[in-house]
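Asker: Protein sequence lines correspond, in order, to chains A and B. Residues 465 to 581 in my numbering are what the first sequence spells out, letter by letter. Residues 465 to 581 in my numbering are what the second sequence spells out, letter by letter. Pasting a structure below so you can have a look.
2 protein chains.
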Amino acid sequence: MFPQELVKGTLQTIVLSLLAERGRMYGYEITQHVKERTAGKIQLTEGALYPTLHKLEADGLLATEHENIGKRVRKYYKLTDEGNAQASEKVREFRSFSQTMNDLLHSFTPQPQLSWN
Amino acid sequence: MFPQELVKGTLQTIVLSLLAERGRMYGYEITQHVKERTAGKIQLTEGALYPTLHKLEADGLLATEHENIGKRVRKYYKLTDEGNAQASEKVREFRSFSQTMNDLLHSFTPQPQLSWN
DNA sequence: ACTTATGCATTAGTTTCTTATGTATTGATA
DNA sequence: TATCAATACATAAGAAACTAATGCATAAGT
Chain A
465 MFPQELVKGT
475 LQTIVLSLLA
485 ERGRMYGYEI
495 TQHVKERTAG
505 KIQLTEGALY
515 PTLHKLEADG
525 LLATEHENIG
535 KRVRKYYKLT
545 DEGNAQASEK
555 VREFRSFSQT
565 MNDLLHSFTP
575 QPQLSWN
Chain B
465 MFPQELVKGT
475 LQTIVLSLLA
485 ERGRMYGYEI
495 TQHVKERTAG
505 KIQLTEGALY
515 PTLHKLEADG
525 LLATEHENIG
535 KRVRKYYKLT
545 DEGNAQASEK
555 VREFRSFSQT
565 MNDLLHSFTP
575 QPQLSWN
């Protein structure tokens, strides 16, 4: 489980990237999916996720579809065109940042080199 | 220039790692060094850096030495033993986080594989 | 003389998180 | 069949950590 300050700032990136990959998802599904795919190392809390989803929607990056599951309403999110562009941008940005940080911390201990095999 | 929300949460890691590498540094030097080594892509502001240095010192991870440069006082920071341990830990943690994020975003676009050449 | 760089620092305000709480349905199980 | 866990949404008070601005002072360049 990573300290939360590391996950901060990547929440939008995670959400946008997953939606770009999977088409549409609902809030709870996102938390479960991230938990499973990271073996519990990243756990999104609802108090952080829902406000983020609402903000991305307000910013025009996400659109919603409501679906009735029995008596419950499930709220699916999907990317708008603008959201799709932002997803690419955010992911590219994170990777670049990650690489820059790696370089900055590089001399501290030896690190694997990147190579396209 | 990366959006600041990405840099958030890595400030302590950067500071601790640089001090582990270079022995001792003063605040202004840290800002300049980071700016140069990242080609301007990461720029630490003083409003973020100084409170962080003070906090790390209060937490017993850093110790200070005051040095007179002309009529100015320069404040050098260096790692305590505990700070040194924390530096390793934080760097390891960031790398692990970085890898986990990479895996999570992996399928969105193809990425280079890690290999020890 | 004036501007930029060096070097410390604080503060008001904002963003974004955490933790807790609230409501309700559904599935599992003792 | 009562009860607990899981599913699924949401908000709200408080904390953390930042930004942008400001302040002070010395030193160096032009």
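Ideal placement from N, C-alpha and C gives every residue a C-beta, glycine not left out.
(1) Check each residue of the stretch 496-523 of chain B: if its Cβ is closer than 9 Å to any Cβ of chain A, include it; give the result in chain order.
(2) Assuming A512 of chain B is part of the beta strand (DSSP E), what are its boundary residues?
(3) Less than 7 Å separating the beta-carbons of Q550 of chain B and L517 of chain B?
(4) Taking the alpha carbon of L513 of chain A as the point to measure from, which residue in A:K539, A:A484, A:R538 and A:V479 has its own alpha carbon closest?
(5) Going by the CB atoms, is the gap between F561 of chain A and L470 of chain B shorter than 7 Å?
(6) Tell me where the alpha helix (DSSP H) around M565 of chain A begins and ends.
(7) Quick one: using the 10 Å Cβ neighbour count with 16 as the cut-off for buried, is M465 of chain A buried or exposed?
(8) For V498 of chain A, collect the residues of the same chain with a Cβ closer than 8 Å to its Cβ; drop the 5 residues on either side in sequence, then sort them by chain order.
(9) How would you call A522 of chain B, buried or exposed, if buried means at least 16 neighbouring beta carbons within 10 angstroms?
(10) Could you give the C-beta distance for G473 of chain B and G473 of chain A, rounded to a whole number, given that I count them as a contact under 8 Å?
(11) Does K472 of chain A come within less than 7 Å of chain B when only Cβ atoms are used?
(12) Find the nearest neighbour of L520 of chain B within the set B:Y492, B:Y541 and B:D567, judged by alpha-carbon distance.
(13) Using CA atoms only, rank isn't needed, just tell me which of B:Q476, B:Q468 and B:H530 is closest to Y490 of chain B.
Answerer: Reading off the structure:
(1) V498, R501, T502, A503, K505 and I506
(2) First-last for A512 of chain B: E510 to A522, but that is the alpha helix (DSSP H), not the beta strand (DSSP E).
(3) no
(4) A:V479
(5) yes
(6) D545 to L568
(7) exposed
(8) I478, L482, I506, Q507 and L508
(9) exposed
(10) 6 Å
(11) yes
(12) B:Y541
(13) B:H530
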